[in-house]
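Position one of the sequence shown corresponds to residue 9 (the numbering used here), numbered consecutively onward. Quick notes on the structure that follows.
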Amino acid sequence: MPEQIIIQFLGLLNILGLVVFAISGTLFAAEKNMDILGVMLIGTATGIGGGTLRDLLLGISPVSWIQEPLAIYICLAACIITYFTADLHRRRLKLILWMDAIGLSAFAVLGTEIALQQQENLLIAIVMGVMSATFGGILRDVLCAKTLTLMRPELYITCALLASLVYVVMDAWGFNQSVIQSCSFVAGFGLRALAISYRLEIPKLSHAQD
Numbered sequence: 009m010p011e012q013i014i015i016q017f018l019g020l021l022n023i024l025g026l027v028v029f030a031i032s033g034t035l036f037a038a039e040k041n042m043d044i045l046g047v048m049l050i051g052t053a054t055g056i057g058g059g060t061l062r063d064l065l066l067g068i069s070p071v072s073w074i075q076e077p078l079a080i081y082i083c084l085a086a087c088i089i090t091y092f093t094a095d096l097h098r099r100r101l102k103l104i105l106w107m108d109a110i111g112l113s114a115f116a117v118l119g120t121e122i123a124l125q126q127q128e129n130l131l132i133a134i135v136m137g138v139m140s141a142t143f144g145g146i147l148r149d150v151l152c153a154k155t156l157t158l159m160r161p162e163l164y165i166t167c168a169l170l171a172s173l174v175y176v177v178m179d180a181w182g183f184n185q186s187v188i189q190s191c192s193f194v195a196g197f198g199l200r201a202l203a204i205s206y207r208l209e210i211p212k213l214s215h216a217q218d
């Protein structure tokens with residue numbers, strides 16, 4: 009029973025990440041006045057980008073969305089629904105940030121867990137979590153010719169890093185897997201939510217004036 013719950017929670021995180029990243033990609037593409045094909049391309053690339061990079065780096069073949077095409081269908085459905093309701097989302101940038109925050113945290117947890125399942129060491133697991141969480145958003149921003157979200161002043165990569173760190177630390181301490189997943193997701197999303205709401209930033213290196 010516990011294993012079934014863990015598998016179900018992982019599946020939920022995967023679907024959650026796919027949907028919200030696909031939505032954020034679609035909204036970005038809508039801002040660029042792309043047609044529905046462009047929107048579907050951007051949204052789907054955003055949804056599956058992080059997981060694809062993770063699988064390639066971990067040597068998982070074929071990659072997850074080829075093994076299970078449902079991921080593509082989920083992204084396409086999210087893109088189409090969002091495309092035809094985009095005019096309802098008047099504050100798109102804010103919505104994109106919150107959708108991205110959810111996807112960031114979900115994929116950080118998922119990427120970290122999959123890396124650990126592949127018997128990778130803790131450092132590699134953390135790196136895979138961060139890459140899984142951020143690469144889809146990077147693809148979206150590049151394809152839409154937008155300033156990279158991870159280059160914005162608010163905490164971003166740090167949030168994915170926190171989620172991955174919480175995961176590996178709690179896993180090393182032997183906590184229940186569902187508790188680890190929940191706590192690491194909440195940690196990453198909570199920090200990103202604070203960063204969005206209060207513009208939390210990492211202190212910048214100041215350069216002395218000549």
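All C-beta atoms in this analysis are idealised placements derived from N, C-alpha and C, irrespective of residue type, glycine included. Fair warning: this is a prediction, and the values are worked out from it, not measured in the lab.
Quiz item: Going by DSSP, which residues form a beta bridge with residue 76?
Solution: Position 68 of the sequence shown, counted from the first residue, corresponds to residue 76. None, per the DSSP bridge assignment.
Practice problem: Return the chain-ordered ranges of every alpha helix (DSSP H) run that is complete within the segment 108–172 and spans a minimum of 4 residues. | Solution: Those alpha helix (DSSP H) runs which fall completely within the segment 108–172 and span 4+ residues are 130–151.
Quiz item: Residues in its own chain within less than 7 Å of residue 17 by CB, not counting five upstream and five downstream?
Solution: Taking the first residue of the sequence shown as 1, we reach residue 17 at position 9. Leaving aside the five residues that flank residue 17 on each side, the residues in its chain whose CB is nearer than 7 Å to its CB run, in chain order, 186 and 189.
Exercise. Within the same chain, show all residues whose beta-carbon is closer than 6 Å to that of residue 2, passing over the 5 residues directly before and after it, in chain order.
Key: Examination of residue 2 is not possible in this model, given that the chain is present from 9 through 218 alone.
Self-check item: N-terminal and C-terminal residue of the alpha helix (DSSP H) that residue 197 is part of
Solution: Translated into positions along the sequence shown, residue 197 becomes position 189. Here the alpha helix (DSSP H) through residue 197 covers 185–206.
Quiz prompt | Contacts around residue 40, its chain only, beta-carbon distance under 6 Å, and the 5 residues preceding and following it disregarded | solution = Within the sequence shown, residue 40 is the residue found at index 32, counting from 1. Excluding the 5 residues flanking it on each side, residue 40 has same chain C-beta neighbours closer than 6 Å at 152, in chain order.
Exercise. Flag this pair as touching only if the segment 43–52 and the segment 86–96 have three or more C-beta atom pairs under 8 Å; answer yes or no.
Key: Two segments are said to touch when three or more pairs of C-beta atoms, one from each, lie closer than 8 Å; by this definition the segment 43–52 touches the segment 86–96.
Quiz item: alpha helix (DSSP H) containing residue 58: first to last residue?
Solution: The residue labelled residue 58 in the question sits at position 50 within the sequence shown. In the DSSP assignment, residue 58 falls within the alpha helix (DSSP H) that extends over 44–66.
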